[in-house]
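One structure is given below, encoded as structure tokens.
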Amino acid sequence: MEIIIKTFSELTKKELYEILRLRNEVFVVEQNCAYQDLDDKDDKALHVLGQNEASIIAYARIFKPGDYFDNAAIGRVVVAKEGRKLGYGKQIMEATISEVNQRFPNSTIELSAQTYLKKFYSDLGFSSHGSEYLEDGIPHVRMIK
0 MEIIIKTFSE LTKKELYEIL RLRNEVFVVE QNCAYQDLDD KDDKALHVLG QNEASIIAYA
60 RIFKPGDYFD NAAIGRVVVA KEGRKLGYGK QIMEATISEV NQRFPNSTIE LSAQTYLKKF
120 YSDLGFSSHG SEYLEDGIPH VRMIK
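First residue of the sequence shown? That's 0 in numbering that gives the first Met the number 0, and the numbers climb one at a time after it.
Following this line, the structure appears as structure tokens:
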């Protein structure tokens, strides 16, 4: 998997379409969760694309401190079903964490994790903070690294 990092204005129409399709495919259809994915935050984010054979199979977005949370933030982490058993989730997160550390040195990184992925994020150095809460009807927990 090749990792590419772009600002919103650098994304091609095709890349943006693929990102939105992947997020919709997993977060709306697969997880059966009707929610507003287009949240007016993509234009502030850095977009981390994991490409395999010229299509986006993994994705995450990064926010500088203050643009989403007080801390630097990672969100919309998603891997296509066919990439999950291949380690693409770990790869996209490692690349995303590395980019946050490079762009915002010494920053705390925060994310809102679906609770069932707590171990996945813990293995990447994140720890849970606070109680579980519902976000769009799905249990989440705040995690910090």
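Every residue gets a Cβ at the ideal spot worked out from N, C-alpha and C, and that includes glycine.
Inset, instruction - Look at residue 185 and residue 91 and say whether their C-beta atoms are less than 7 Å apart. - result: There is simply no residue 185 to check, as the chain begins at 0 and stops at 144 in what is shown.
Legend entry - Residue span of the beta strand (DSSP E) that contains residue 111, given as start and end: 108-113
Inset, instruction - Name the two residues that bound the continuous alpha helix (DSSP H) containing residue 99. - result: 87-102
Inset, instruction - Report the partner residues of residue 72 according to the DSSP bridge assignment. - result: 62 and 109
Legend entry - For residue 158, the first and last residue of its enclosing alpha helix (DSSP H): Nothing about residue 158 can be read from this structure; the chain reaches only from 0 to 144.
Legend entry - C-alpha gap between residue 4 and residue 130, whole angstroms: 32 Å
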